[in-house]
Each structure stands twice: as C-alpha cells, then as structure tokens.
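To start, the structure under review is shown below, and the notes come after it.
Residue numbers (this note's numbering): 103 to 309.
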C-alpha cells in the first residue's frame with residue numbers, strides 16, 4: 103500500500119515561517135530593551151568617578167528618571183500610534199529611534215544633552231515591549247499564546263544580564279556599551295523591515 107505524506111499548504115507554511123520570524127525578532131527587540139534599561143545603572147559609577155561632563159550624583163539621578171519618563175510616555179502612546187501606523191511600522195520605527203539616539207549618547211557635550219537623548223530614546227523603548235508582546239502573542243500557536251508574556255520577559259532579563267556582564271569587561275570604556283546597542287538595534291530594524299509581517303488584526307481593521 104502506498105504511503106501518503108501530508109504536509110501543510112504553502113499558505114500555512116508561509117504563515118508558520120513568518121510567525122517564527124515574528125517571535126524571534128520581537129524577542130530580540132525586548133532583549134535590547136532590557137539591555138538599555140540596565141546600561142545606565144551599570145555605567146553611572148564610572149561616569150561619576152571620571153566626572154564625565156562634570157556629572158554629579160544628582161545629575162545621574164535626573165538622567166535615570168528622565169529615561170524612565172520617556173519609557174512611560176512611549177508606552178502610553180502605543181495604542182493610538184499602533185492603530186494609525188500598524189504594529190509593524192511602529193515597532194521598526196521605535197527600534198530605529200532608540201538605536202540612533204543610543205549611538206549619539208556618548209557624543210553628548212553636556213549633561214543636559216545626555217539627559218535629553220536618554221529621554222528621547224526612552225520614547226522608542228517604551229513602545230517596544232507592548233508592541234512586541236502583542237505581536238508575539240498573535241503569531242504564536244493558540245496553545246502557546248498564554249506563554250507569550252513569559253517568553254517576552256526572558257528576553258528582557260537576558261538583555262539585562264548581557265549588559266551586566268559586558269559592563270564588567272569594558273570598565274572605563276563605557277561608550278562601547280552604547281555603540282554596541284545602537285548598531286545591533288539598527289541591524290535588527292533592517293531585518294525586521296524585510297522579515298516582520300504586519301499584524302493580522304491591523305490588516306483586518308483596514309479592510
């Protein structure tokens with residue numbers, strides 16, 4: 103008796119592949135966010151020790167606070183922007199925003215500029231987590247969607263651990279941490295442009 107091999111249709115296979123790309127790219131995006139939100143705390147001792155830009159402990163606290171304010175504002179703006187632009191474009195734009203600004207941070211020539219760059223970078227970071235979580239949940243198999251938030255947080259914590267380990271290695275060369283994050287972020291954004299599909303919910307809403 104001839105055996106019959108069943109396989110998914112091309113459409114099903116295509117959705118599975120795009121779903122895998124979505125999960126992987128969103129997970130890496132959250133990893134970058136975890137990296138970024140820890141990096142400032144990792145370098146503050148060095149900034150204060152070297153009196154970078156004449157920075158004081160009060161300045162460092164202000165910069166850290168403004169970074170979180172930016173994240174909060176970015177998170178609040180996610181809903182309206184996602185409805186208007188779509189989750190795909192919003193996520194890519196957010197990654198590009200915080201990546202470019204992160205590369206510029208070491209070039210800041212004043213504490214005020216340093217703080218402003220961190221605030222603006224936070225706007226991009228704030229959008230990354232909720233958009234990534236939503237897109238991961240949407241593209242994961244139905245039986246695994248409940249695990250989307252758990253999987254997302256593993257990326258966040260992985261990024262935080264990577265920052266801590268790298269900070270121990272670069273010591274006074276703290277700029278490397280920002281350049282690395284910015285360059286990797288831009289590479290990921292480029293891959294997202296070609297591989298990240300638009301949210302099916304957004305596509306349905308436009309029809």
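Even glycine gets a Cβ: it sits at the ideal position worked out from N, Cα and C.
Taking residue 300 as the centre and dropping the five residues before and after it, the same chain places the C-beta of 188 and 190 closer than 6 angstroms to its C-beta, in chain order.
Counted as a single uninterrupted DSSP element, the alpha helix (DSSP H) harbouring residue 268 occupies residues 250-272.
Distance check between residue 283 and each of 200, 123 and 127 places 200 closest, using alpha-carbon atoms only. Judged by DSSP in its simplified three-state form, residue 204 adopts helix.
Judged by DSSP secondary structure, residue 220 falls within the alpha helix (DSSP H) whose first and last residues are 213-241. In the structure shown, residue 300 falls within a coil segment according to DSSP collapsed to helix, strand and coil.
Rounded to the nearest whole angstrom, the C-alpha separation of residue 140 and residue 268 is 11 angstroms.
Beyond the five residues adjoining it in sequence on each side, residue 279 comes within less than 8 angstroms, by CB distance, of 141, 144, 145, 265, 268, 269 and 272 in the same chain, given in chain order. Each residue's CA atom was taken as its position, placing residue 204 and residue 281 some 7 angstroms apart. For the pair residue 157 and residue 248, the Cα-to-Cα distance works out to about 44 angstroms.
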